[in-house]
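For reference, the structure discussed in these notes is given below.
Number of protein chains: 2
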Amino acid sequence: MNNLLKYIRTLTNFSDENWELLQPALEKRAFKKNEFLLKQGQVCNSLFYIDNGYCKSYYEIDGIVKNTGFFFENEIATNISSFGSGQKTEFNIAACEPLTAIIFDKDRLFQAAKQAIEIETLGRNCIRLFASKQEEFSVLFKLYSAQERLQYLETMHPEILQRVPLSQLASFLGVSRETLSRIRKRRTLS
Amino acid sequence: MNNLLKYIRTLTNFSDENWELLQPALEKRAFKKNEFLLKQGQVCNSLFYIDNGYCKSYYEIDGIVKNTGFFFENEIATNISSFGSGQKTEFNIAACEPLTAIIFDKDRLFQAAKQAIEIETLGRNCIRLFASKQEEFSVLFKLYSAQERLQYLETMHPEILQRVPLSQLASFLGVSRETLSRIRKRRTLS
DNA sequence: ATAGACCTGTGACAAACGTCACATAATTAC
DNA sequence: GTAATTATGTGACGTTTGTCACAGGTCTAT
């Protein structure tokens, strides 16, 4: 829980009393590798603060898995459109390693937010960070080629390359596994 | 202003008193075609509610324009990462037609939010909608080919195709102008 | 009405990418 | 420890896409 409190305090002024008010909305939980945090067809009623390990969000279309995001320690994973609208999600979120998350329950979070505006502000800031991350990666596809996108990850998000296997990374970068392998080869040669 | 109030009330319970409290944060403004709402190097201190007309956000790299988003009536345009962090933006936002916007000033919005939690909630919901939109378009590139992305726009966002010229649309879809022209030809033939 | 600016289409060719096939690590399960 | 599974590399080939070049169409300002 200590990591989470630190994380929260980077986002908003948060008194010990606020922290107490927030507790009923929080639940710590461990996930095994490949276990689902969120499954297609469910409604996303949680924000998952990643305490340890990492997970991925993905679509599955005709049996083919397309990874849409990776979430590491000290980040919030969720499906923002389902969380916000209450509609069923088409995403899955699954643990890629044994994972520990602190789960924010939506209803209880909203109740707590009514009691302290700092908690409302925290919610806004979590969503804002999530949106910034979406914006960042969304822009990559419009600006850069596949090779340049890989380069971008190398400089801006090296942890992704270190921890995510190539075959998982390919669909996230929007190319086939083979193409990514060849791009990587071209880059190590030069 | 009437459109805006309707829009707000789709997002959150908003009393007439809340609306009064919000007024100091709002400013209606007209932009000429090609005028900037936000310019690279500035800090984004505004949310732009589009009342009439439409605008685009874009990057300019080595003189080449890459469109990253289009915003129509009844939507909020902004650069979320600059707005949230206070850092300088690398985006431009420019009017594509004569445009009327209602501008939320960040500082005054935050002041108003301190006085009414509904305004804080409104801010959170605006950002949430913005994030959902980012998520939606970000996923397109991982799931679909250029042709399928065009098809998606046709069914889900026909207003974009009706109002945005092909040459503007191309970089938004992540392809060259010529390729988009050929895709369109292939599709009308079949 | 005319000139200039923009928008769209298209041909030719090279570069990038996807798919299929197979080989070889590396990891996991029992 | 061995077998099975998964991850990665690579060749061949066809498709898609980008780039350059140019032509014709539309819009706009004067």
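Sequence lines, in order, name chains A and B.
Going left to right, the first sequence walks through residues 2 to 191 as the numbering used here numbers them.
Going left to right, the second sequence walks through residues 2 to 191 as the numbering used here numbers them.
Glycine included, every Cβ here is placed at the ideal spot set by N, Cα and C.
On a Cα-Cα basis, can you pick out the residue from the options that is closest to residue i?
i: Tyr-60/A; options: Gln-148/A, Phe-73/A, Gly-42/A and Gly-54/A; result: Gly-42/A
i: Asn-80/B; options: Leu-12/B, Glu-98/B, Phe-173/B and Val-44/B; result: Val-44/B
i: Ala-102/A; options: Leu-48/A, Arg-188/A and Leu-12/A; result: Leu-48/A
i: Phe-37/B; options: Asn-75/B, Leu-154/B and Phe-92/B; result: Phe-92/B
i: Leu-151/B; options: Ile-62/B, Leu-174/B and Gly-85/B; result: Leu-174/B
i: Asn-25/B; options: Leu-39/B, Leu-100/B and Phe-105/B; result: Reading the sequence as shown, one finds Pro at residue 25/B and not Asn. Among Leu-39/B, Leu-100/B and Phe-105/B, the Cα nearest to that of Pro-25/B is on Phe-105/B.
i: Gln-112/B; options: Gln-135/A, Thr-122/A and Gly-54/A; result: Thr-122/A
i: Arg-164/B; options: Gln-148/B, Ala-147/B, Phe-73/B and Ser-146/B; result: Phe-73/B
i: Asn-75/B; options: Ser-182/B, Arg-185/B, Leu-6/B and Ala-171/B; result: Leu-6/B
i: Ala-78/A; options: Glu-149/A, Leu-12/A and Phe-131/A; result: Phe-131/A
i: Ile-9/B; options: Arg-125/B, Lys-134/B and Lys-115/B; result: Arg-125/B
i: Val-176/B; options: Glu-149/A, Ser-172/A, Lys-186/A and Tyr-145/A; result: Tyr-145/A
i: Leu-181/B; options: Glu-149/B, Lys-89/B and Ile-65/B; result: Glu-149/B
i: Asn-3/B; options: Lys-40/B, Leu-141/B and Tyr-50/B; result: Tyr-50/B
i: Glu-136/A; options: Lys-33/B, Lys-40/B, Arg-185/B and Thr-90/B; result: Thr-90/B
i: Phe-71/A; options: Ala-96/A, Lys-186/A and Gly-64/A; result: Ala-96/A
i: Ile-62/B; options: Leu-141/A, Lys-186/A, Arg-185/A and Lys-33/A; result: Leu-141/A
What's the C-alpha gap between residue i and residue j?
i: Thr-156/A; j: Trp-20/B; result: 45 Å
i: Gln-169/B; j: Asp-52/A; result: 43 Å
i: Leu-23/B; j: Glu-119/B; result: 10 Å
i: Leu-154/A; j: Arg-188/A; result: 13 Å
i: Pro-166/B; j: Ala-117/B; result: 42 Å
i: Glu-179/A; j: Ser-58/A; result: 22 Å
i: Gly-54/A; j: Gly-87/B; result: 30 Å
i: Ile-161/A; j: Glu-28/A; result: 27 Å
i: Ile-94/A; j: Leu-110/B; result: 35 Å
i: Cys-56/B; j: Ala-147/B; result: 23 Å
i: Ala-114/A; j: Thr-13/B; result: 15 Å
i: Asn-35/A; j: Lys-67/A; result: 15 Å
i: Arg-183/A; j: Ala-171/A; result: 11 Å
i: Gly-85/B; j: Lys-107/B; result: 9 Å
i: Ser-139/A; j: Ser-133/A; result: 10 Å
i: Ser-82/A; j: Lys-40/A; result: 14 Å
When burial is assigned at 16 or more other CB atoms within 10 Å of the CB, is residue i buried or exposed?
i: Ser-16/A; result: exposed
i: Thr-69/A; result: buried
i: Ala-31/B; result: exposed
i: Ile-128/B; result: buried
i: Lys-143/A; result: buried
Starting from residue i, trace the alpha helix (DSSP H) in both directions and tell me its first and last residue.
i: Asn-126/B; result: 118-144
i: Ser-83/A; result: 81-86
i: Glu-21/B; result: 17-23
i: Thr-13/A; result: Taken as a continuous stretch (DSSP letters only), Thr-13/A belongs to no alpha helix (DSSP H), as it is neither H nor E.
From what residue to what residue does the beta strand (DSSP E) around residue i run?
i: Tyr-50/B; result: 47-53
i: Glu-61/A; result: 56-62
i: Lys-29/B; result: 27-32
i: Thr-69/B; result: 65-72
i: Phe-204/B; result: Absent from the model: residue 204/B. The displayed extent of chain B is 2 to 191, so no value can be given.
i: Asn-93/B; result: 93-96
i: Thr-101/A; result: 100-106
For residue i, verify whether its CB is less than 7 Å away from any heavy atom of the ligand SAH.
i: Asn-14/B; result: Among the ligands in the structure shown, none appear at all, so the ligand SAH cannot be discussed.
Which runs of the alpha helix (DSSP H) fall wholly inside the segment 142-173 of chain B and span at least 4 residues, in chain order?
Restricted to the segment 142-173 of chain B, the alpha helix (DSSP H) segments that are unbroken, complete and at least 4 residues in length are 147-157 and 159-164, listed in chain order.
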